[in-house]
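Residue numbers (the working numbering), protein chains in the order written: chain R, 11 to 122; chain V, 803 to 917.
Quick reminder that beta carbons are idealized off the backbone N, C-alpha and C, glycines included.
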């Protein structure tokens, strides 16, 4: 069964720290992997999309990496700010279907 | 560009009533997805369409749920009759096939409460 796991479920760090969020997936033959941000009561905002042929993608203070062989992706957030507080979700698409399979998310709190 | 538009944003209704959720995808997108989010189960795909045709409805929980996409700019998700366990946030998302995989864009969701 194709599954996506995110650990930990919650993370709290002081402002200014660099941090890493983890995502793991079964079946390494993925099509692509997407990181989303969700604020309370809101929809999902796409942050980064990594194709299966890519190793990483960067956007501002965010960097997402992909290691298919180990079935893992990480989202690196540099110089964290209170505005980064949100739930971060990882989602994977496997070949043959356009649907995303989501992890349960990591709820991130940045303390001023 | 307008994003994915969902209506209503909130819906509170009594058990047994029919509920209709609406979605307008981003213009030009050829895929449309319906998801449900609960604390217990997280985000789950219910059904998705390609060029208005349902491709995979294996996530639809039971026959009380139905979805339609009569044209490229409109889709509905209907629950009849509704039950308290249907209470959740329902999201619609759309994407464009493109040459490579494209990101899905989500609406703000409909928060559904069945009393």
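For residue 833 of chain V, the nearest CB of chain R lies under 8 Å from its own CB, placing it at the interface with that chain.
Per DSSP, the continuous beta strand (DSSP E) segment holding residue 61 of chain R begins and ends at 54-61.
Listed as beta-bridge partners of residue 837 of chain V by DSSP are V/847, V/893. Assigned with DSSP and collapsed to three states, residue 49 of chain R falls in coil, not helix or strand. Where residue 871 of chain V is concerned, the enclosing beta strand (DSSP E) starts and stops at 867-873.
Here residue 843 of chain V is not near residue 913 of chain V, since their CB atoms are 8 Å or more apart.
Counting only the Cα atoms, residue 58 of chain R lies some 27 Å from residue 859 of chain V. Using a Cβ distance threshold of 8 Å, residue 30 of chain R and residue 84 of chain R count as a contacting pair. Straight-line measurement puts the Cα of residue 884 of chain V at about 5 Å from the Cα of residue 817 of chain V.
Residue-level contact check: residue 844 of chain V touches chain R, since one or more beta carbons of chain R fall below 8 Å from its beta carbon. Contacts between residue 29 of chain R and chain V, judged by CB atoms closer than 9 Å, are missing: the closest CB pair is about 22 Å apart. If you check the CB distance, residue 34 of chain R and residue 81 of chain R come in under 8 Å. Between residue 65 of chain R and residue 96 of chain R, the C-beta spacing is not below 8 Å.
The Cβ-Cβ distance between residue 43 of chain R and residue 111 of chain R does not fall below 8 Å.
In terms of Cα proximity to residue 75 of chain R, the closest of R/89, R/32, R/114, R/20 is R/32. Using a Cβ-Cβ cut-off of 9 Å, residue 115 of chain R is close to 844, 845 of chain V, given in chain order. Residue 77 of chain R sits in a strand when the DSSP states are folded into three classes. Going by beta carbons, residue 875 of chain V and residue 829 of chain V fall inside the 8 Å limit. By the 16-neighbour rule on beta-carbons within 10 angstroms, residue 871 of chain V is buried.
For chain V, the residues of the region 81-114 of chain R that bring a beta carbon within less than 9 Å of one of its beta carbons are 99, 101, 103, 107, 108, 109, 110, 111, 112, 113, 114, in chain order. Within the same chain, Cβ atoms closer than 6 Å to the Cβ of residue 825 of chain V are found at 808, 877, 894, the five residues on either side in sequence being excluded. Rounded to whole angstroms, the separation of the alpha carbons of residue 888 of chain V and residue 904 of chain V is 30 Å.
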